[in-house]
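Protein chains: 2
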Amino acid sequence: MILADAFLAAVKYNDAGLVPVIAQNEKGEVLMLAWMNRDTLQETLESGEVTYWSRSRMARWRKGETSGNTQKLIEAYIDCDGDTVLLKVVQQGSACHTGAPTCFFRKLERG
Amino acid sequence: MILADAFLAAVKYNDAGLVPVIAQNEKGEVLMLAWMNRDTLQETLESGEVTYWSRSRMARWRKGETSGNTQKLIEAYIDCDGDTVLLKVVQQGSACHTGAPTCFFRKLERG
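Chains as they are written, first to last, in numbering that gives the first Met the number 0: chain A, 0 to 110; chain B, 0 to 110.
If you want it as structure tokens, here you go:
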């Protein structure tokens, strides 16, 4: 268990200042992968409202701010080398902008 | 459900030709995030042996090739916009090079 300051300091950001963040719900379903910079990660940890960095809009993106499909933070983890964050969240409504419960709804059919 | 050719074609790689890949075990635990290029993704789908691209070694990296801690592919998904892959795997031994069952063993302590 590490405190928020140590958590933030342990994260290694890429050349764009971003870290990939996996969101998983309480049932263990992987909902999405998005990105955070240090500011939005800190905001997420402090507020409990999951807030990403939109690479397309180049802007802070509090999940559900317009759609209502918010993510409430339950637990946060970093991986062994500090370059990925895993969040356990309570997802309101659908995680995906398509309306699907999770963004991973396209499954490989194996031959 | 989509076939392997359509799956490979649907993936969008970043400027380095790589896509982030989340590995999850049959219990729903997120084990790790690593990267694949098109060749190692194709090899993974065809062989069922999960094979990443090591960004540090700039080389193909069949998981468990030296350690024995292989990952057998069960299911593969791509997300809505095609820029992340999710694999359900059977993990032999520990997923993490530290010997931990998953790479996400550092948990935030909330104040």
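Where a beta carbon is used, it is the ideal one built from N, C-alpha and C, also for glycine.
- One thing to note: B:GLY47 has its Cβ no nearer than 7 Å to the Cβ of B:LEU85.
- In the pairwise beta carbon analysis, the segment 91-104 of chain A is classified as touching the segment 27-47 of chain A: at least three pairs are separated by under 8 Å.
- Taking a C-beta cut-off of 8 Å against chain B, the contacting residues of the segment 16-49 of chain A are PRO19, ILE21, GLN23, LYS26, GLY27, GLU28, VAL29, MET31, LEU32, LEU44, listed in chain order.
- Under the DSSP assignment, A:LEU86 falls in the beta strand (DSSP E) whose first and last residues are 84-90.
- Among the bridge pairs identified by DSSP, A:ARG61 is matched with A:THR50.
- A:MET35 is a Cβ neighbour of A:VAL20, given a cutoff of 7 Å.
- The criterion of a C-beta distance shorter than 7 Å is not satisfied by A:ASP82 and B:CYS102.
- Note that the C-beta distance between A:VAL49 and A:GLN23 is not below 7 Å.
- Shown here, A:LEU7 sits in a helix according to DSSP, grouped into three states.
- CA-to-CA, the gap between A:TYR76 and B:ALA99 works out to about 14 Å.
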